[in-house]
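**Student:**
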Amino acid sequence: MFRILLLAVLLIVGRGAQSAPVAGEFASIDGGTLAIEDWRGRPVLVVNTASQCGFTGQYAALQRLFDTYSGRGLVVLAVPSDDFNQELDSAEAVKEFCELNYDLTLPMTDITHVRGARAHPFYKAVKAETGFEPGWNFNKVLIAPDGSVAATYGSTVRPESRKLVEQIEAFLP
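Residues -19 to -1, 1 to 154 in mature numbering (1 follows the signal peptide of the UniProt record, and there is no 0) are what the sequence shown lists, from first letter to last.
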């Protein structure tokens, strides 16, 4: 059993190490743009979020993760999406909600499609590379410092879970 688990982990990690860099430029919730390429050399955790979801409490953990590791290079990018009909009506409302309820300071995009034909190019590239497409809010895509997809995680994997934190720490100085 251990050998099978180890092989599965090596295949997942190996796939990320061999994949092509994933790029993408997002509209920032604050105006301007946020480009994944600007963070090359650093691990980036991209999370599709929603303000009215049962997993919305993960915002607090995402902020703690950002506070803990951003000084060592980690970027946590929140990508609000209404693809599952659980986001507020405007980017301004999302920003206000996140600031008031979670004191978010991590980078955040404008409301963005994350799946299907209208998905943002970043998410289309991740799906083409790995087969992964968000199945719900608070799915996570960990981008390695070389720009490749290191791992993907579903909603139930908490931002401060041991397996996610260990993978992030492996990319940090």
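Just so it is clear, CB atoms sit at the ideal spot from N, CA and C, and this is done for glycine as well. Values in this document were obtained by computation on a predicted structure and should not be read as measured data.
Spell out a yes or no on whether the region 17 to 31 and the region 47 to 61 are touching, meaning 3 or more CB-CB pairs, one atom from each, closer than 8 Å.
**Tutor:** Short answer: they touch.
**Student:** To the nearest angstrom, how far is the alpha carbon of Thr14 from that of Pro88?
**Tutor:** For the purposes of this step, residue 14 is identified with residue 33 of the sequence shown, where counting begins at 1. For the purposes of this step, residue 88 is identified with residue 107 of the sequence shown, where counting begins at 1. Straight-line Cα distance between these residues: approximately 10 Å.
**Student:** Output yes or no for whether 8 Å exceeds the beta carbon distance between Ile124 and Lys76.
**Tutor:** Mapped onto the sequence shown, residue 124 falls at position 143. Mapped onto the sequence shown, residue 76 falls at position 95. Result no, Cβ atoms of Ile124 and Lys76 do not sit closer than 8 Å.
**Student:** Please return the same chain residues whose Cβ sits closer than 7 Å to the Cβ of Phe78, not counting the five positions on each side in sequence.
**Tutor:** Within the sequence shown, numbered from 1, the residue matching residue 78 stands at position 97. Answer for Phe78: Ser32, Leu69, listed in chain order.
**Student:** Helix or strand or just coil, what does DSSP make of Thr111?
**Tutor:** Counting from one through the sequence shown, the residue named residue 111 turns up at place 130. Thr111 falls in the helix class under three-state DSSP.
**Student:** Val95 and Pro115: beta carbons closer than 8 Å?
**Tutor:** Stepping through the sequence shown from its first residue, residue 95 is reached at position 114. Stepping through the sequence shown from its first residue, residue 115 is reached at position 134. Yes, the pair counts as a contact, with Cβ atoms nearer than the cut-off.
**Student:** With Phe78 as the anchor, note down where its alpha helix (DSSP H) starts and where it stops.
**Tutor:** As a working mapping, residue 78 is identified with position 97 in the sequence shown. Residues 72 to 83.
**Student:** Taking only three categories from DSSP, how would you classify Phe7?
**Tutor:** Numbered from 1 along the sequence shown, position 26 holds the residue referred to as residue 7. Strand.
**Student:** Helix, strand or coil for Val146? Go by DSSP, reduced to three states.
**Tutor:** The residue given as residue 146 occupies position 165 in the sequence shown. DSSP places Val146 in helix when its eight states are reduced to three.
**Student:** Starting from Thr37 and walking both ways along the beta strand (DSSP E), at which residues does that stretch end?
**Tutor:** As a working mapping, residue 37 is identified with position 56 in the sequence shown. Per DSSP, Thr37 belongs to no beta strand (DSSP E) and is neither H nor E.
**Student:** Between Pro126 and Thr86, what straight-line distance do the alpha-carbon atoms span, to the nearest angstrom?
**Tutor:** Within the sequence shown, numbered from 1, the residue matching residue 126 stands at position 145. Within the sequence shown, numbered from 1, the residue matching residue 86 stands at position 105. Rounded to whole angstroms, Pro126 to Thr86 spans 22 Å at the Cα level.
**Student:** Starting from the C-beta of Leu43, find all residues in its chain whose C-beta is less than 7 Å away, skip the five residues before and the five after it, and write them out in chain order.
**Tutor:** The residue labelled residue 43 in the question sits at position 62 within the sequence shown. Answer for Leu43: Val28, Val57, Ala59, Leu87, Pro140, listed in chain order.
**Student:** With DSSP as the reference, please indicate the residues paired to Tyr134 in a beta bridge.
**Tutor:** Numbered from its first residue, the sequence shown carries residue 134 at position 153. Tyr134 is bridged to Lys121.
**Student:** If you run the structure through DSSP and keep just helix, strand and coil, what is Thr49?
**Tutor:** Counted from its first residue, the sequence shown places residue 49 at position 68. In this structure, Thr49 counts as helix in the three-state DSSP scheme.
**Student:** Can you tell me whether Thr49 is buried or exposed, with buried defined as 16 or more other CB within 10 angstroms of its CB?
**Tutor:** Translated into positions along the sequence shown, residue 49 becomes position 68. Its Cβ having fewer than 16 others within 10 Å, Thr49 is exposed.
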